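Asks:
Residue numbers (my numbering): 2 to 467.
(1) In whole angstroms, give me the CA-to-CA distance for residue 43 and residue 357.
(2) Between the stretch 69–87 and the stretch 149–158, can you find at least three pairs of beta-carbon atoms closer than 8 Å?
(3) In the DSSP assignment, the alpha helix (DSSP H) including residue 515 goes from what residue to what residue?
(4) May I have the straight-line CA-CA distance separating residue 219 from residue 388, to the nearest angstrom?
(5) Per DSSP, which residues does residue 120 bridge with? Please list them.
(6) Alpha carbon to alpha carbon, how far is residue 393 from residue 346?
(7) In whole angstroms, what separates the C-alpha of residue 384 from that of residue 436?
(8) At what residue ranges does the stretch 188–232 contain a whole run of the beta strand (DSSP E), taking only runs of 3 or more?
(9) In angstroms, rounded to a whole number, what distance separates the CA positions of residue 173 and residue 194?
(10) Count the other C-beta atoms from every protein chain shown that fall within 10 angstroms of the C-beta of residue 321, then say buried if there are 16 or more, exposed otherwise.
(11) Where residue 64 and residue 73 are concerned, what is the direct C-alpha to C-alpha distance, given to the nearest angstrom?
(12) Grouping DSSP H, G and I as helix and E and B as strand, with all else coil, what is residue 327?
(13) Compare the beta carbon distance of residue 76 and residue 152 with 8 Å and say whether it is the shorter of the two.
(14) If I measure Cβ to Cβ from residue 1 and keep anything under 8 Å in the same chain, skipping five residues before and after, which residues do I get?
(15) So what does residue 462 bridge to, in DSSP terms?
(16) Cα separation between residue 366 and residue 444?
(17) Ignoring anything shorter than 3 residues or poking outside the stretch 259–330, list the beta strand (DSSP E) runs there in chain order.
(18) Have a look at the DSSP bridge pairing and note the partners of residue 168.
(19) Unbroken alpha helix (DSSP H) runs of length 4 or more, entirely within the stretch 43–74: which are they?
(20) Any chance you could list the beta strand (DSSP E) runs of at least 3 consecutive residues sitting entirely within the stretch 382–438, in chain order?
(21) Straight-line CA distance for residue 378 to residue 117?
(22) Using DSSP's beta-bridge definition, name the partner residues of residue 359.
(23) Buried or exposed: where does residue 348 fall if 16 or more other Cβ atoms within 10 Å of its Cβ makes it buried?
(24) For the stretch 250–260 against the stretch 315–335, are there 3 or more C-beta pairs whose distance is under 8 Å?
(25) In angstroms, rounded to a whole number, what distance separates the CA positions of residue 33 and residue 236?
(26) Per the contact definition of three or more C-beta pairs closer than 8 Å, is the stretch 225–233 in contact with the stretch 294–302?
(27) Between residue 94 and residue 62, what straight-line distance do the alpha-carbon atoms span, to the nearest angstrom?
(28) Indicate, with yes or no, if the ligand FAD has a heavy atom lying under 7 Å from the CB of residue 90.
(29) For residue 191, count neighbouring Cβ atoms within 10 angstroms of its own Cβ and tell me buried if that reaches 16, exposed if not.
(30) Compare the C-alpha of residue 210 against each of 283, 420 and 308 and name the closest.
(31) Cα separation between residue 381 and residue 447?
(32) When burial is assigned at 16 or more other CB atoms within 10 Å of the CB, is residue 171 buried or exposed?
(33) Taking C-alpha atoms, which residue in 239, 119 and 201 lies nearest to residue 141?
(34) Helix or strand or just coil, what does DSSP make of residue 347?
(35) Please classify residue 276 as buried or exposed, where buried requires at least 16 other C-beta atoms within 10 Å of its C-beta.
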C-alpha cells in the first residue's frame with residue numbers, strides 16, 4: 002500500500018484520481034466536474050421541491066378541505082388578503098367560496114384578473130406606500146360590513162404588516178414610519194417595535210377582529226422565533242389578542258431615548274391615561290367567534306425538500322432549530338455541523354435547514370442574506386470536501402424568490418467554487434467584507450433566479466455531500 006506523507010492534504014484532483022472508476026479515461030478535473038454537475042442538478046431539484054411544497058395556493062386548498070374550517074369559512078362573504086402570497090391564497094379561496102366583497106394587498110408583478118367585487122392594491126414592502134394605506138382603509142370598511150354578514154375571512158402571509166396599514170387617528174404614515182425607523186436605529190428588538198406599531202394602528206393588535214366580531218384567519222407563517230408561528234407577530238396580529246399596553250409602548254420609546262414626532266408621543270400618552278382604545282385583550286368576548294389556522298410554515302418546505310432528497314437516494318439530516326443570527330456566522334456553523342455529521346456517514350448525505358438570518362451592512366456591495374450565507378460558506382465547503390475526500394454542493398435561497406434588493410433568490414456553490422473564483426481573481430473574503438455577494442456569484446454564473454414564487458415561509462439551506 003502506498004503511504005501518504007504525513008500532513009499532506011490531497012487536492013481535489015488527487016481525490017478524484019483515486020476514486021475514479023477503472024476503465025474510464027478522462028482528465029481528473031473533468032471527472033470531478035462531472036460528479037459535481039450531478040450534485041448541482043440534485044441540489045436545485047431538492048430546493049425547488051421545498052418551495053413547491055410550501056406553495057400557498059396548495060396549502061390553503063388543503064386547509065379549506067378540512068370540514069371544520071370549511072364550515073366556518075363558508076359563512077364568510079368578506080375577504081381580506083394581504084402579504085407576498087396574498088394573490089395565490091385568495092385565488093384558492095375564490096375557487097370554493099363566493100365572496101361578496103374582497104381586497105387583495107400585495108406586491109403586484111402582473112395585472113390582476115378582473116373580478117366583480119374584488120379590489121387589488123399594489124402595496125409596499127418592506128416600507129408601506131399609498132397602496133398600503135388604501136388597502137388598510139378598505140380592510141377596515143370590509144371588517145365593519147362583515148360584522149352583520151357572516152364574518153371576515155383574513156388571509157395573511159409575510160409582508161402583510163407593511164401592506165395593510167391604517168395609522169391611528171391624528172398620526173400620518175410618515176410619522177409612524179419615522180418612529181419605527183428611529184427605534185430600529187436605537188437597537189430596539191422586534192418585540193418592542195411590534196408593541197409600538199400595534200399601538201399606533203387601527204388594524205394591528207386585534208383591532209380588525211374587534212370590528213368584524215367573527216373572523217377566520219388563515220396564515221402562512223414566516224415567523225421562526227422566539228415563539229414559532231406566533232399569531233401576534235404574523236402581520237402584527239390583526240385578529241388575535243395583544244398582551245402589551247400603551248404604557249408599555251410609551252416605556253419602549255422612553256427607554257430607547259428616541260424622540261418621535263409630537264403627534265406620536267401625544268397619542269401614546271393619551272392611551273396610557275386610558276383616553277384611547279387599547280389593543281384587543283385575551284378576555285375580549287369577540288375572540289370567542291374567531292378561528293386562527295397556520296396553513297404552512299418552514300416545516301412545509303423542509304418536508305418537500307426531504308422527500309425529494311430521499312427520492313434521489315440521499316440520507317437526510319434536518320437541523321431542528323431555525324437558522325437565525327448573522328448570515329455569515331450561521332453559514333460557518335451550518336457547514337461545520339454538516340462536516341461533523343458526514344464524518345461517519347459513507348452514503349450520499351443531504352443536510353437541510355431553514356429560518357431567517359440577518360445581515361449587518363458594512364460595505365456598499367449588492368446582495369441579500371441568502372447570497373451572503375452562501376458566500377460565507379465558500380471556504381468551508383472547499384475545505385470540507387478535501388477533508389472528507391468527497392464532492393459537496395450548497396444552496397441558500399428565499400422561498401419567496403426574493404433575496405434583498407436584488408433579482409436573485411439566493412446562490413449556490415460547490416467544492417470547486419473557491420478554485421474557480423481564484424482563477425478569476427475573485428477573493429470571497431474581499432467580497433464578503435463589502436457585502437457584495439451578488440457580484441461574486443453573478444461573475445461565476447451561480448445566482449439563483451426564480452422571480453416571485455407566490456409563497457413565503459423563510460429561507461431554505463441545502464447541503465449535499467456525494
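Backbone N, C-alpha and C fix where the C-beta goes; we use that ideal spot for every residue, glycine too. Since we're looking at a predicted model, the values are computed, not measured.
Replies: So, from the listed chains and residues:
(1) Approximately 23 Å, taken between the alpha carbons.
(2) Output reads yes: the stretch 69–87 touches the stretch 149–158.
(3) No answer is possible for residue 515: the residues shown for the chain start at 2 and end at 467.
(4) Their Cα atoms are separated by approximately 47 Å.
(5) DSSP lists 104 as partners of residue 120.
(6) Taking the straight line joining both Cα atoms gives about 14 Å.
(7) C-alpha separation (whole angstroms): 22 Å.
(8) Counting only runs of 3 or more, we get 216–221.
(9) So the two alpha carbons sit approximately 17 Å from each other.
(10) Flag for residue 321 reads exposed.
(11) So the two alpha carbons sit approximately 12 Å from each other.
(12) Assignment of residue 327 by DSSP, reduced to helix, strand and coil, places it in the strand class.
(13) Yes, they are a contact pair.
(14) Any question about residue 1 goes unanswered here, given that the chain covers just 2 to 467.
(15) Note: residue 462 is bridge-paired with 354 and 397 in the DSSP secondary-structure output.
(16) The straight-line gap from Cα to Cα measures roughly 14 Å.
(17) Within the stretch 259–330, the complete beta strand (DSSP E) runs of at least 3 residues are 291–297 and 316–319.
(18) Bridge partners of residue 168: 202.
(19) If we require 4 residues or more, the alpha helix (DSSP H) runs fully inside the stretch 43–74 come out as 57–65.
(20) Along the stretch 382–438, the beta strand (DSSP E) occurs as fully enclosed runs of 3 or more residues at 393–399 and 411–415, listed in sequence order.
(21) One Cα belongs to residue 378, the other to residue 117, and the distance between them is close to 50 Å.
(22) Under DSSP, residue 359 shares a beta bridge with 327.
(23) A residue is called buried once 16 or more other Cβ atoms fall within 10 Å of its Cβ, and residue 348, having fewer, is exposed.
(24) No, they do not touch.
(25) At residue 33 the pLDDT is 45, less than 50, meaning the model places this residue with poor confidence; the figure from the coordinates comes in the next sentence. Just so you know, the alpha carbons of residue 33 and residue 236 end up roughly 47 Å apart.
(26) Yes: the two stretches touch, three or more of their Cβ pairs being nearer than 8 Å.
(27) In a straight line, the C-alpha of residue 94 is about 7 Å away from that of residue 62.
(28) In the structure shown, the ligand FAD is absent, as is every other ligand, since no ligand is present at all.
(29) Counting Cβ neighbours within 10 Å, residue 191 comes out exposed, since fewer than 16 surround it.
(30) It is 283 whose Cα lies nearest to the Cα of residue 210.
(31) Approximately 17 Å, taken between the alpha carbons.
(32) Per the 10 Å Cβ criterion, exposed.
(33) Relative to the Cα of residue 141, the nearest Cα in the group 239, 119 and 201 belongs to 239.
(34) Of the three classes helix, strand and coil, the one that applies to residue 347 here is coil, per DSSP.
(35) Its Cβ having fewer than 16 others within 10 Å, residue 276 is exposed.
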